[in-house]
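S.K.: One structure follows; several queries about it will come next.
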Amino acid sequence: MKDQLADPYAASRFGLFSGALWIFAIALFAGLGFLIGFQYSWLVFLFAVSGQLLIQAFTTPKIEK
Numbered sequence: 089m090k091d092q093l094a095d096p097y098a099a100s101r102f103g104l105f106s107g108a109l110w111i112f113a114i115a116l117f118a119g120l121g122f123l124i125g126f127q128y129s130w131l132v133f134l135f136a137v138s139g140q141l142l143i144q145a146f147t148t149p150k151i152e153k
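Shown next as structure tokens:
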């Protein structure tokens, strides 16, 4: 992964999307926690992890052999 993010444009795009995703996930966790209860709001983090993997898959350049 270190070689894949050698491009500064790809690294900054990955960082921006990743940061936005986790800030949104934490805010949604707190909001849903107070609205429906914290026993169910932790599920937000499962979707955030899957979103993180999708962001990583789409923003890192392909390895050329």
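According to our numbering, the residues represented by the sequence shown are 89 to 153, in order.
Just so it is clear, CB atoms sit at the ideal spot from N, CA and C, and this is done for glycine as well.
Note that the coordinates shown come from a computational prediction; the quantities given were computed from them, not determined experimentally.
1) Please report the distance separating the alpha-carbon of S129 from that of V137.
2) Write down every uninterrupted run of the alpha helix (DSSP H) in the region 113-146 whose length is 4 residues or greater and which is fully enclosed by it, in chain order.
3) Compute the beta-carbon to beta-carbon distance between F133 and F117, rounded to the nearest angstrom, for a pair I have assumed lies under 8 Å.
4) Report buried or exposed for F122, applying the criterion of at least 16 other Cβ atoms within 10 angstroms of its Cβ.
5) Helix, strand or coil: how does DSSP classify P149 here?
6) Less than 8 Å between the beta carbons of F112 and I143, yes or no?
M.R.: By the coordinates alone:
1) In the sequence shown, residue 129 corresponds to position 41, counting from 1. In the sequence shown, residue 137 corresponds to position 49, counting from 1. Distance between the alpha carbons of S129 and V137: 14 Å.
2) 126-129
3) If you number the sequence shown from 1, residue 133 lands on position 45. If you number the sequence shown from 1, residue 117 lands on position 29. The Cβ separation is near 7 Å, so the contact holds.
4) Start at 1 with the first residue of the sequence shown, and residue 122 comes out as number 34. Result: exposed.
5) Within the sequence shown, residue 149 is the residue found at index 61, counting from 1. If DSSP states are grouped into helix, strand and coil, P149 belongs with coil.
6) Along the sequence shown, read from residue 1 onward, the residue named residue 112 stands at position 24. Along the sequence shown, read from residue 1 onward, the residue named residue 143 stands at position 55. It is not a contact, given that the beta carbons lie outside the stated cut-off.
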